[in-house]
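I have placed the structure first, in the form of structure tokens, so that the comments after it can refer back to it.
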């Protein structure tokens with residue numbers, strides 16, 4: 062998997078966990094602000110991820126060229 066895409070997926074997972082945490086623990090005004098910031102960052106990361114290679118489905122989109130070539134049985 063390309064490191065940048067792997068990092069994006071990790072960030073999305075972390076943001077989802079944070080959002081879940083703040084939803085479960087009533088933190089009043091601070092939680093609303095944090096939730097808003099988390100949602101904005103998560104959506105931004107998803108847009109970047111989709112813009113990188115939207116026409117190629119997973120797992121191909123996140124693989125490097127050598128992994129794809131090896132998987133197809135094609136040699137350079």
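Residue numbers (the numbering used here): 62 to 137. Backbone N, C-alpha and C define an ideal beta-carbon position, used for all residues, glycine too.
Whole-angstrom Cβ separation of residue 103 and residue 73, contact assumed at under 8 Å? If you number the chain shown from 1, residue 103 lands on position 42. If you number the chain shown from 1, residue 73 lands on position 12. Yes, they are in contact, since the Cβ atoms of residue 103 and residue 73 sit about 6 Å apart, within 8 Å.
Residue 109, buried or exposed, once every other Cβ within 10 Å from all chains shown has been counted against 16: Taking the first residue of the chain shown as position 1, residue 109 is located at position 48. Residue environment for residue 109: exposed (fewer than 16 other C-beta atoms within 10 angstroms of its C-beta).
Tell me whether residue 108 counts as near the ligand MN, meaning its Cβ is closer than 8 Å to at least one heavy atom of that ligand. This structure lacks the ligand MN, and indeed carries no ligand of any kind.
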